[in-house]
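In my numbering, the protein residues as written are 1 to 190.
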Ligand SMILES: C[S@@+](CC[C@H](N)C(=O)[O-])C[C@H]1O[C@@H](n2cnc3c(N)ncnc32)[C@H](O)[C@@H]1O
């Protein structure tokens, strides 16, 4: 199976899912079976069980795994749909630190096509802004003034020449990728 066919918007993917659901049902006397995963972790098994039409019951005793499990199996179905969100004006760091809670008339309601996507973007940006404020200075822009999108971490050893002793990174190559056709994506030489 090609990766793209796992996309439910892909017609071939839809067809494969349909066949899988029918085969599972046929193997279980015409009824979709119930899958119990008592140690479900992030929920890969109940998620896939749901995709092929089974009822899934999942459990985990680790609260972090439990939250990821709900975010995998429950939240997309509950919140991944059109709806209303409340927008609040962006505040500067100083305003955030010292302002009183926002009054209602500073907030605005808006319809969005997917509430979950909107919320994930909103809070991811919220975290990013605060991380930038606190530790952004530790990640300066590259030589071309563009933001650095990744770092290669390497152990170093002092140069064996006693008059040098420079820290030498223990790396085979500083190139992440040297294929011409891959340069446009995330694969740049450093
Ligand atoms: C290997 S992970 C499961 C990975 C999962 N099948 C997946 O594909 O993502 C095992 C999980 O079992 C959970 N676990 C271990 N002992 C447990 C117990 N007694 N009750 C509930 N969960 C337990 C752990 O917290 C862990 O998240």
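Glycine is no exception: its CB is placed at the ideal position from the N, C-alpha and C atoms.
| Asked | Found |
| --- | --- |
| Collapsed DSSP secondary structure at residue 52 in the structure displayed | coil |
| Terminal residues of the beta strand (DSSP E) in which residue 30 lies | No beta strand (DSSP E) contains residue 30, which DSSP labels as neither H nor E. |
| Residue environment, residue 46, which counts as buried when at least 16 other CB atoms sit within 10 Å | buried |
| Contained beta strand (DSSP E) runs [length at least 3] in the region 133-170, N- to C-terminal order | 156-158 and 167-169 |
| Closer than 6 Å: residue 65 CB and nearest ligand 1 heavy atom | yes |
| Residue 60: CB within 6 Å of a non-hydrogen atom of ligand 1 | yes |
| For residue 84: DSSP bridge partner residues | 111 |
| DSSP state of residue 23 mapped onto helix, strand, coil | helix |
| Alpha-carbon spacing of residue 108 relative to residue 166, whole angstroms | 57 Å |
| Backbone secondary structure at residue 190 - three-state DSSP | Any reading at residue 190 must be qualified, since the residue scores a pLDDT of 38, below 50, and its modelled position is unreliable; the value itself is stated next. Note: residue 190 maps to coil in three-state DSSP. |
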